[in-house]
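Enquirer: Structure provided below as C-alpha cells; questions to follow.
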Amino acid sequence: MTSTGAPPDWTTVDIAVPRRSDRLPGISMAGFRQRVPSPVDITMVAHPAVTLLIDLGEGDGIVYDTPGRHERGSVVIGLMPGELRAGGRVGDCLQIRLEPDVAAAALGASPELSGTIASFSDVWGRDAARVEDRLRAAASWDERFTIAADILGRRLDARSPVDPEVAHVWRQTLTSRGRARVDSLAGEVGWSRKRLWSRFGSQLGTSPKRAARLVRFDHAAHLLAAGHAAARVAAESGYVDQSHLHREVKAFTGLTPSAVAVAPWLAIDDIAWPASSPTRNPGTDSPRHRARELGAGGCHERQTAVRDHC
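Just so you know, the UniProt record's numbering puts the end of the sequence shown at 310, numbered straight through with nothing missing.
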C-alpha cells in the first residue's frame, strides 16, 4: 500500500528489508519499527498487490477503517480497497506484498478480497495467531523474514496456482506498466477476450482492464514522487494527456497529482521496495527524505525521517 498521510510531526521509522535468499517470486517484504510511539493517522491508497500487514506491536494494535468495515490488528488488504485509513500507535509491523496471482494461491481468497479489507485470521485460518506469535517472538527482522518466507513457501507448495494463462497476462500487465492491450494479451495465451475476462476475474478478483489501470497509476505515482512534472508523467505513463492523469489519480486517491507527489509514504516505499520506483530523484536526500544504511546482520536496516507537510 501507499499512503497520503503521516504523523503530524517528525517521526523516525526504522525499515528492514530481507536478504535475497529470503525473497520469493511475486512476494516482497519489509519490516517497520516506529521509534517514537506517537499516534498515527494514515490514509492508504491502492497498490498493485494484495497487502498483508502483520501487527507485531504490543497493546491495542493498529486500527483500519473503510466505509462499512472496521478492523484492528493484522489485516489483509485487497487490490482496491477504496477509502482506507489506519490509525493508532504503531510498534513493529511486517508488511508483505503478494502479487495477485501469488495471493490467489497463498491465501486462497483473492477474489473475495478485491476492494475489501479482512482480518488476518479470517483469511489465514486458525493458524493465524500462531504465525503472529512466532513472528513476534523472533529475535531479529532477519529471523522474521526467514520465518515468513518459510510459511508462505509451504502454503504455495500445498495449493494449486492460478491458470498459467492468467499468470502470464498479469505478468505482461506488470511488465508493460499497464500499457499492454487486453485483446493482444488474450491472443498471446490463445484465449478469447471473453474467456480471459472471465478467468482473470474469477481467479484474481478484478478485470484485466482494471488491473492495467492500477499498475499504470502506481507507475505514475512513483514518477510524481520522484519529482517529475505531471505533464511528463502523463506522457511517460501512457495517459492521453495531463487531464487524464489528473482524473485517474483523483479516482484512486481522491487527491491531485501535486498532492500525491509529496505523499510521505512514497518516500518510505522507495526505500523498502526500491524496485517499485521507476526512477530516483537525486534531490531526495533532503529534509523530506533522509535515508542511511545501518548495515546490521543479514538484513538491511534503513532509517527514514518523514514529515507530514513539506
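Even for Gly, the Cβ is constructed at its ideal location relative to N, Cα and C. None of these values were measured; they are calculated from a predicted model.
Please name the residue in R210, A86, G201 whose C-alpha comes closest to that of Y64.
Expert: For the purposes of this step, residue 64 is identified with residue 64 of the sequence shown, where counting begins at 1. It is A86 whose Cα lies nearest to the Cα of Y64.
Enquirer: Between the C-alpha atoms of I77 and V50, what's the straight-line distance to the nearest angstrom?
Expert: For the purposes of this step, residue 77 is taken as residue 77 along the sequence shown, with counting starting at 1. For the purposes of this step, residue 50 is taken as residue 50 along the sequence shown, with counting starting at 1. I77 and V50: Cα-Cα distance of roughly 6 Å.
Enquirer: With the cut-off set at 7 Å, would you say L156 and A105 are in Cβ contact?
Expert: Working through the sequence shown from its first residue, we reach residue 156 at position 156. Working through the sequence shown from its first residue, we reach residue 105 at position 105. Yes, Cβ-Cβ distance for L156 and A105 is below 7 Å.
Enquirer: Since P208 and L185 are thought to touch, with beta carbons under 8 Å apart, how far apart are those beta carbons, to the nearest angstrom?
Expert: The residue you call residue 208 lines up with position 208 of the sequence shown. The residue you call residue 185 lines up with position 185 of the sequence shown. Confirmed, about 7 Å.
Enquirer: Cβ of F200 within 7 Å of Cβ of A46?
Expert: Reading the sequence shown from its first residue, position 200 is the one you call residue 200. Reading the sequence shown from its first residue, position 46 is the one you call residue 46. No, these two residues do not count as a Cβ contact at 7 Å.
Enquirer: Residue range of the beta strand (DSSP E) that S119 falls in?
Expert: Within the sequence shown, residue 119 is the residue found at index 119, counting from 1. Unbroken beta strand (DSSP E) run through S119: 117-119.
Enquirer: Between G61 and E71, what straight-line distance do the alpha-carbon atoms span, to the nearest angstrom?
Expert: Translated into positions along the sequence shown, residue 61 becomes position 61. Translated into positions along the sequence shown, residue 71 becomes position 71. CA-to-CA, the gap between G61 and E71 works out to about 10 Å.
Enquirer: Is it a yes or a no for the stretch 221-235 touching the stretch 173-190, going by three-plus beta-carbon pairs under 8 Å?
Expert: no
Enquirer: Can you tell me whether DSSP reads N281 as helix, strand or coil?
Expert: Start at 1 with the first residue of the sequence shown, and residue 281 comes out as number 281. Unreliable positioning characterises N281 in this predicted model, as indicated by a pLDDT of 43, which lies under 50. A coordinate reading is not provided.
Enquirer: Which one of P48, D218, D92 has the shortest CA to CA distance from I58?
Expert: Numbered from its first residue, the sequence shown carries residue 58 at position 58. Position check: residue 58 holds Glu in this sequence, whereas Ile was assumed. Residue D92 is the option with its Cα nearest to E58.
Enquirer: Taking C-beta to C-beta, are L196 and R136 nearer than 7 Å?
Expert: Residue 196 sits at position 196 when you count from the first residue of the sequence shown. Residue 136 sits at position 136 when you count from the first residue of the sequence shown. Result no, Cβ atoms of L196 and R136 do not sit closer than 7 Å.
Enquirer: What residues match up with L185 in a beta bridge as DSSP calls it?
Expert: The residue labelled residue 185 in the question sits at position 185 within the sequence shown. For L185, which the question treats as bridged, DSSP gives no partner whatsoever.
Enquirer: In the structure shown, what three-state DSSP assignment does R134 receive?
Expert: Translated into the one-based positions of the sequence shown, residue 134 becomes position 134. Three-state result, R134: helix.
Enquirer: Do the CB positions of G31 and L94 come within less than 7 Å of each other?
Expert: As a first step, residue 31 must be located in the sequence shown, where it is residue number 31. As a first step, residue 94 must be located in the sequence shown, where it is residue number 94. Contact flag set, yes.
Enquirer: Using the C-alpha atoms, what's the distance from S192 back to R159?
Expert: Working through the sequence shown from its first residue, we reach residue 159 at position 159. Working through the sequence shown from its first residue, we reach residue 192 at position 192. Using only the alpha carbons, I get a separation of about 27 Å.
Enquirer: Looking only at DSSP bridge pairs, what is Q34 linked to?
Expert: For this step, residue 34 is matched to residue 34 along the sequence shown. Residue pairing by DSSP places Q34 opposite V13 in a beta bridge.
Enquirer: How would you write the range of the beta strand (DSSP E) that T175 sits in, first residue to last?
Expert: As a first step, residue 175 is located in the sequence shown; it is residue number 175 there, counting from the start. Segment 164-175 is the alpha helix (DSSP H) holding T175; no beta strand (DSSP E) there.
Enquirer: Which partner residues does E71 have in the DSSP bridge list?
Expert: By 1-based counting over the sequence shown, the position of residue 71 is 71. E71 pairs with Y64.
Enquirer: Excluding the five sequence neighbours on either side, which residues of its own chain have a C-beta within less than 8 Å of the C-beta of Q172, listed in chain order?
Expert: Residue 172 sits at position 172 when you count from the first residue of the sequence shown. Cβ within range, chain order: A180, L185, E188.
Enquirer: Run through the DSSP bridge pairs and tell me what I27 is partnered with.
Expert: If you number the sequence shown from 1, residue 27 lands on position 27. Within the DSSP bridge table, the entry for I27 names L98 as partners.
Enquirer: Return the chain-ordered list of same chain residues with a C-beta closer than 7 Å to the C-beta of R144, the five sequence neighbours on each side being excluded.
Expert: By one-based count along the sequence shown, residue 144 stands at place 144. Around R144: G31, L94, L135, A138.
Enquirer: How big is the Cα-Cα spacing for R69 and L107?
Expert: Against the sequence shown, residue 69 aligns to sequence position 69. Against the sequence shown, residue 107 aligns to sequence position 107. Rounded to whole angstroms, R69 to L107 spans 20 Å at the Cα level.
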